[in-house]
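In what follows, a structure is listed as structure tokens, so that the remarks can point back to it.
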Amino acid sequence: MPNTKGQKFPAEPLTPAEAKSLLAACGPSSIGLRNRALLVLLWRAGLRIAEALSVHPRDLDDGVLRVRRGKGSKARTVALDPEALAVVQAWLERKARLGIAGPIISTLRGESVLASYVRNLLPRLAAKAGIAKRVHAHGLRHSFAAGMADEQIDIRVIQRALGHSSLATTQRYVDHLRPTAVIDALKGRVW
């Protein structure tokens, strides 16, 4: 795989169907369950990779997830929808049966999963799922934001969910990902 460090790529959020095919590509093994839970934390909770790898079971209560130390050492609270929670709970139940401690996303020995593992995992899963787009952890966060924007969720709610200090940052994020207002306006023009 070529080294792409420092390169800028256009944001290509996944469609819900693509994200679901990525989840299906994980398979039924314990590692597959763990990887599905990881994908859900990135895609359905909008966590940054470091946040997803550092949350512990004690941080999850009835679908509410507490990010204790996000970017800039800021804490925030997000939530998982029922389907996303079911995916994470399935992994946590398997972890408990196997006697695995540690963060929610851990190795089968209870150790922290490395970000480099995730960076290598996602393109492999994308290939297995037949997704031609560049799939990466931050892209799943983009997919989260784009999905919320498509659902007409208030920009301030998206800002808080993403943990952005500035509304302008969130606005740029959403405008760049889903320029729907521009597209709709241009498609609606008549001669």
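Sequential numbering of the sequence shown, starting at 3, is according to the numbering used here.
Glycine included, each C-beta is placed from N, C-alpha and C at the ideal position.
Item	Value
Counting pairs of Cβ atoms below 8 Å between the region 86 to 95 and the region 39 to 51, do you hit three or more?	yes
Less than 8 Å between the CB atoms is what I'm expecting for Trp93 and Arg38, so what's the real figure, rounded?	7 Å
Can you have a look at Ala54 and say buried or exposed, based on whether 16 or more other CB atoms are within 10 angstroms of its CB?	buried
Please say whether Leu124 and Val137 have beta carbons closer to each other than 8 Å?	yes
Give me the residue from Gly149, Ala139 and Arg99 with the minimum Cα distance to Val176.	Gly149
Tell me the rounded alpha-carbon separation between Ala117 and Val192.	49 Å
If you run the structure through DSSP and keep just helix, strand and coil, what is Asp156?	coil
Which residues mark the beginning and the end of the beta strand (DSSP E) in which Leu67 is found?	Val66 to Val69
With a threshold of 16 other CB atoms inside 10 Å of the CB of Lys194, please say whether the residue is buried or exposed.	Nothing about residue 194 can be reported from this structure: the residues present for the chain run from 3 to 193 only.
Which first and last residues belong to the beta strand (DSSP E) in which Arg121 is found?	Element bounds for Arg121: not the beta strand (DSSP E) but the alpha helix (DSSP H), Ala117 to Ala131.
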